[in-house]
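Asker: Dumping the structure here so I can ask a few things about it.
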Amino acid sequence: MYRRRTTLPPQKKADVISKVAYSREENKQSVLLSNTELKLNVSNNPRKIHCSVCICIVMNTDDELDIVSNNLSCLQSLFEKSFIVFVIDSESSLVEWSTRHENSLTIQTTFTEEHAKRNLYLKFVHDNKLSFNYMMVIDPLISLKTPLKPESFDFFRKNTEFNAMFANQTYKYYDIESLVDDKKQVYRIDDMEVKQKKIKQYQVHIPKNSGLIPVNSAFGGFAVYKTAVLDTGNKYTTDNHISFNLNISKAYSKMFIDSSFIIETNPNNSFLYEK
Numbered sequence: 136m137y138r139r140r141t142t143l144p145p146q147k148k149a150d151v152i153s154k155v156a157y158s159r160e161e162n163k164q165s166v167l168l169s170n171t172e173l174k175l176n177v178s179n180n181p182r183k184i185h186c187s188v189c190i191c192i193v194m195n196t197d198d199e200l201d202i203v204s205n206n207l208s209c210l211q212s213l214f215e216k217s218f219i220v221f222v223i224d225s226e227s228s229l230v231e232w233s234t235r236h237e238n239s240l241t242i243q244t245t246f247t248e249e250h251a252k253r254n255l256y257l258k259f260v261h262d263n264k265l266s267f268n269y270m271m272v273i274d275p276l277i278s279l280k281t282p283l284k285p286e287s288f289d290f291f292r293k294n295t296e297f298n299a300m301f302a303n304q305t306y307k308y309y310d311i312e313s314l315v316d317d318k319k320q321v322y323r324i325d326d327m328e329v330k331q332k333k334i335k336q337y338q339v340h341i342p343k344n345s346g347l348i349p350v351n352s353a354f355g356g357f358a359v360y361k362t363a364v365l366d367t368g369n370k371y372t373t374d375n376h377i378s379f380n381l382n383i384s385k386a387y388s389k390m391f392i393d394s395s396f397i398i399e400t401n402p403n404n405s406f407l408y409e410k
């Protein structure tokens, strides 16, 4: 049962992560590839955003890794402190690539369901909550294959009061399945023909100057959550982001799509849009 909370408890931050999320004994489905003491990346960017972020990525593809790495470096430079958690398949060719990143942790897993993989990085964030102000959840296929622009993250500098912020796209907003507000609840529709018609209807361009759009759930390839609202009882389920987001919305509210939090639409992702 999630009850609405009006205030959030203060948190102390730690520069060194001394408590890791998994061991072979705790979870035979996952293996850690890192030292037991994990240090946060500290940015020397004079215009850095003064907060600590945990960047969480489930990696399923091994193409265009150079641009993915460049985007991650760019992202880390924007924030005073940061850390990356990669979740990859146990037989993946990405192991060597992921472990080359400093200030990161690679979790290998035999889980095949997406929500089970997401719960691996979520447990890491729960176990190290005092080290981070925010958890960033990124779909690399959507958000790391085109260049990230620093100005897309200006909402951190605007003193905007939010508990979760979701990305927009340069083309149409594609992620209608995860989008829930007072009018849009496509995930509840069982008839596939009706669902596809609704998705096509809702897949529209959101202009950059549209401001904050209140939602109960969204994703859009990039989500930012305050760690203070990540209750340990709230896990990802088979609907991926939806139930997870709705639980946060019920307990804390203040969830938005920021129209200026823009991810450049990759032409290779045209399959995401209803024809």
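Counting with this note's numbering, you get residues 136 to 410 for the letters of the sequence shown.
Glycine included, each C-beta is placed from N, C-alpha and C at the ideal position.
1. Rounded to a whole number of angstroms, what is the C-alpha to C-alpha distance between Asn401 and His261?
2. Suppose only complete runs of 3+ residues qualify. What are the beta strand (DSSP E) ranges in the stretch 288–326, listed by chain order?
3. Below 8 Å, can you find three or more Cβ-Cβ pairs linking the stretch 231–242 to the stretch 318–337?
4. Determine the DSSP secondary structure at Asn344, reduced to helix, strand or coil.
5. Helix, strand or coil: which one does DSSP assign to Lys174?
6. Asn206 and Leu283 look like a contact to me (Cβ under 8 Å); what is the Cβ gap, rounded to whole Å?
7. Is there at least one non-hydrogen atom of the ligand MN closer than 8 Å to the beta-carbon of Pro402?
8. Could you spell out the range, first to last residue, of the alpha helix (DSSP H) harbouring Lys385?
9. Restricting to runs no shorter than 4 residues, where is the alpha helix (DSSP H) found entirely within the stretch 233–270?
10. Using only alpha-carbon positions, find the residue among Lys370, Val203, Asp201, Lys216 that is nearest to Asn268.
11. Starting from the C-beta of Trp232, find all residues in its chain whose C-beta is less than 6 Å away, skip the five residues before and the five after it, and write them out in chain order.
12. With DSSP run on the structure shown, which of helix, strand or coil describes Lys335?
13. Taking 8 Å as the cut-off, does the stretch 378–387 touch the stretch 344–364 (at least 3 CB pairs, one atom from each stretch)?
14. Taking the Cβ atom as the reference point for each residue, do Phe218 and Leu240 lie within a distance shorter than 9 Å?
15. Count the other CB atoms within 10 Å of the CB of Cys189; is the residue buried (16 or more) or exposed (fewer)?
16. Terminal residues of the continuous alpha helix (DSSP H) containing Ser278?
17. Going by C-alpha to C-alpha distance, which of Pro181, Ile192, Val220 sits closest to Leu175?
18. Have a look at the DSSP bridge pairing and note the partners of Phe354.
19. Between which two residues does the alpha helix (DSSP H) holding Val203 run?
20. Give the straight-line distance between the Cα atoms of Gly355 and Ile242, rounded to the nearest whole angstrom.
21. Are Phe297 and Lys389 close, meaning C-beta to C-beta below 9 Å?
22. DSSP three-state call for Pro349: helix, strand or coil?
23. Grouping DSSP H, G and I as helix and E and B as strand, with all else coil, what is Thr362?
24. Around the Cβ of Asn179, are there at least 16 other Cβ atoms within 10 angstroms (buried) or fewer (exposed)?
25. Tell me whether Lys318 is buried or exposed, calling it buried when 16 or more other Cβ atoms sit within 10 Å of its Cβ.
26. Might you give, ordered along the chain, the residues of its own chain that have their beta carbon closer than 7 Å to the beta carbon of Lys307, omitting 5 neighbours on each side?
27. Run through DSSP, which three-state label would Lys183 get?
28. Leaving aside the five residues before and after Ser394 along the sequence, list all residues of the same chain whose C-beta is less than 8 Å from its C-beta, in chain order.
Answerer: By the coordinates alone:
1. As a working note, residue 401 is residue 266 in the sequence shown. As a working note, residue 261 is residue 126 in the sequence shown. C-alpha separation (whole angstroms): 32 Å.
2. 299–304
3. no
4. Stepping through the sequence shown from its first residue, residue 344 is reached at position 209. Residue state, collapsed to three classes: helix.
5. The residue given as residue 174 occupies position 39 in the sequence shown. The answer is strand: DSSP assigns Lys174 an E or B state.
6. Walking along the sequence shown from the start, residue 206 turns up at place 71. Walking along the sequence shown from the start, residue 283 turns up at place 148. About 5 Å; that satisfies the 8 Å criterion.
7. The ligand MN is not part of the structure shown, which contains no ligands of any sort.
8. Here residue 385 refers to the residue found at position 250 when the sequence shown is read from its first residue. Unbroken alpha helix (DSSP H) run through Lys385: 376–387.
9. 249–262
10. Position 133 of the sequence shown, counted from the first residue, corresponds to residue 268. Cα-wise, what sits closest to Asn268 is Lys216.
11. Here residue 232 is taken as the residue at index 97 of the sequence shown, counted from 1. Closer than 6 Å at the Cβ level, and outside the excluded window around Trp232, lie Leu200.
12. To locate residue 335, count along the sequence shown from 1; it is residue 200. Three-state DSSP puts Lys335 in a helix.
13. yes
14. In the sequence shown, residue 218 corresponds to position 83, counting from 1. In the sequence shown, residue 240 corresponds to position 105, counting from 1. Yes, Cβ-Cβ distance for Phe218 and Leu240 is below 9 Å.
15. Against the sequence shown, residue 189 aligns to sequence position 54. Answer is buried; the Cβ neighbour count reaches 16.
16. Within the sequence shown, residue 278 is the residue found at index 143, counting from 1. Its alpha helix (DSSP H) spans residues 275–278.
17. Residue numbering aside, residue 175 sits at position 40 when the sequence shown is read from its first letter. Checked all of Pro181, Ile192, Val220; the closest Cα to Leu175 is Val220.
18. Stepping through the sequence shown from its first residue, residue 354 is reached at position 219. Looking at the DSSP assignment, Phe354 forms no beta bridge with any residue, so it has no partner.
19. In the sequence shown, the residue the question calls residue 203 occupies position 68. First-last of the alpha helix (DSSP H) with Val203: 200–213.
20. On the sequence shown, residue 355 is found 220 positions in, with the first residue counted as 1. On the sequence shown, residue 242 is found 107 positions in, with the first residue counted as 1. So the two alpha carbons sit approximately 24 Å from each other.
21. Against the sequence shown, residue 297 aligns to sequence position 162. Against the sequence shown, residue 389 aligns to sequence position 254. In this structure, Lys389 lies closer than 9 Å to Phe297 by Cβ.
22. Position 214 of the sequence shown holds residue 349. Here Pro349 sits in strand by DSSP.
23. To locate residue 362, count along the sequence shown from 1; it is residue 227. Helix.
24. Translated into the one-based positions of the sequence shown, residue 179 becomes position 44. So Asn179 counts as exposed.
25. As a working mapping, residue 318 is identified with position 183 in the sequence shown. Its Cβ having fewer than 16 others within 10 Å, Lys318 is exposed.
26. On the sequence shown, residue 307 is found 172 positions in, with the first residue counted as 1. Only Gln338, Val339, His340, Tyr408 meet the Cβ criterion.
27. Translated into positions along the sequence shown, residue 183 becomes position 48. Note: Lys183 maps to coil in three-state DSSP.
28. Counted from its first residue, the sequence shown places residue 394 at position 259. Result list for Ser394: Asn303, Ile341, Pro342, Lys343, Asn344, Ser345, Gly346, Leu347, Ile348, in chain order.
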